[in-house]
Amino acid sequence: DRGGVAVVLSTLVRLLHEHPAHPPLTFLFTVQEEIGLVGARYVSRGKLGQPKYCFNFDGGLPNAIVMGATGDEHLDIVIHGKASHAGSQPENGVSAVTIAGVAIAELYREGWLGKISKPQGEGTSNLGIVQGGAATNVVTDLLEIRGEARSHVPEFRAEIVEQIRAAFERAALLVTNVSGESGQVDFTHRTKYEAFRLTESDPVVAMAVAAVQRAGLEPLPKISNGGLDANWMTSHGMPTVTFGCGQEHIHTT
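Numbering (our numbering), first residue to last: 1309 to 1561.
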């Protein structure tokens, strides 16, 4: 996030040149935030000098005070079908692509893809990477899908994961060849980061509010549906507030 890096670097330069009074400070540049908050996940608190309060800079308005963020479960779905010639003997094959299509159609129809709003909870899901196939004249026997499920509530996030798993396993049994053979799904998942939520009574939040007010802006407390380095920093015992640094409409041009 070059915007965030610019904020931190300009702050550091100002401190070095103007020498204002300040408490002990640690400047941290984390790597691989975009692929799962990897740098923040493996941060060593001891190497940072045991900081008590942390401030992160990410997208959004400068008066935004992000006090919490969602959790994310990574999904790996491998679909095994049965190859055959797509022109002369397509009926002998079991298409991994068709299995995926049946599962995705069910999930979309039942409201378990994209923005999810159910009586028992809210969240999101996305199947972001789909890879497979070698030729147009071969019934595809292997398809790999990577996706995610998000929710602020761990129990509901687990339900989203279960709904996706069940849909793919049902689809694998539904799609058969002329001999009655069906496909198979290998489904695994792992937690990329857990949700967190600070309160306005937390000291780090009070500091953030005061800083925004001193800048002549109106504080805008927010809870994010995206993951932040703050997720892992707070999990490590370093409560972290995220400020905006200007970026908007994330992942668009």
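Yeah, the Cβ is synthetic: ideal placement off N, Cα and C, and Gly gets one too.
Taking 7 Å as the line, does the beta carbon of residue i fall inside it for any heavy atom of the ligand NAD?
i	result
Glu1326	Ligands are entirely absent from the displayed structure, and the ligand NAD is therefore not among its contents.
Using DSSP's beta-bridge definition, name the partner residues of residue i.
i	result
Leu1450	His1388
Gly1552	Asp1366
His1382	Glu1456 and Arg1498
Ile1424	Gly1431
Val1402	Lys1390
With H, G and I counted as helix, E and B as strand and the rest as coil, what does DSSP make of residue i?
i	result
Lys1530	strand
Leu1569	Outside the displayed range of the chain (1309 to 1561) lies residue 1569, so it cannot be described from this structure.
Val1493	strand
Ile1373	strand
Gly1545	coil
Gly1419	coil
Gly1440	strand
Glu1326	helix
Leu1536	coil
Arg1310	helix
Thr1319	helix
Arg1354	Sequence inspection shows Gly at residue 1354; the Arg mentioned does not correspond to that position. Residue state, collapsed to three classes: helix.
Gly1409	helix
Glu1342	coil
Glu1414	helix
I'd like to know whether the C-beta atoms of residue i and residue j end up nearer to each other than 8 Å.
i	j	result
Pro1547	Cys1362	yes
Ser1433	Leu1451	no
Val1438	Ala1394	no
Glu1381	His1544	no
Gly1440	Ala1475	no
Thr1338	Gly1347	yes
Ile1472	Arg1505	no
Gly1367	Cys1553	yes
Ile1373	Pro1511	no
Ile1385	Val1520	no
Asn1533	Arg1458	yes
Glu1502	Gly1379	yes
Ile1558	Ala1480	no
Leu1345	Lys1500	yes
Return the Cβ separation of residue i and residue j in integer angstroms, given the expectation that the two are a contact with Cβ distance under 8 Å.
i	j	result
Asn1371	Leu1536	Not quite, the Cβ-Cβ distance comes to about 17 Å (not below 8 Å), so this is no contact.
Lys1390	Glu1477	The pair is not a contact, with the Cβ atoms about 17 Å apart (cut-off 8 Å).
Ala1377	Ala1538	6 Å
Arg1454	Leu1383	7 Å
Gly1431	Arg1465	6 Å
Val1410	Val1517	No, Val1410 and Val1517 are not in contact; Cβ-Cβ is about 50 Å, not under 8 Å.
Val1607	Met1541	Here the chain comprises residues numbered 1309 to 1561, so residue 1607 is not present and cannot be evaluated.
Asn1485	Val1549	With 8 Å as the limit, Asn1485 and Val1549 do not qualify as a contact, their Cβ atoms being about 56 Å apart.
Ile1387	Gly1491	6 Å
I need the boundaries of the alpha helix (DSSP H) containing residue i, first residue and last residue.
i	result
Phe1464	Pro1462 to Leu1482
Val1520	Pro1511 to Arg1522
Arg1349	Val1346 to Arg1349
For the beta strand (DSSP E) containing residue i, list its first residue and its last residue.
i	result
Ala1503	Note, Ala1503: premise wrong, no beta strand (DSSP E); not H, not E.
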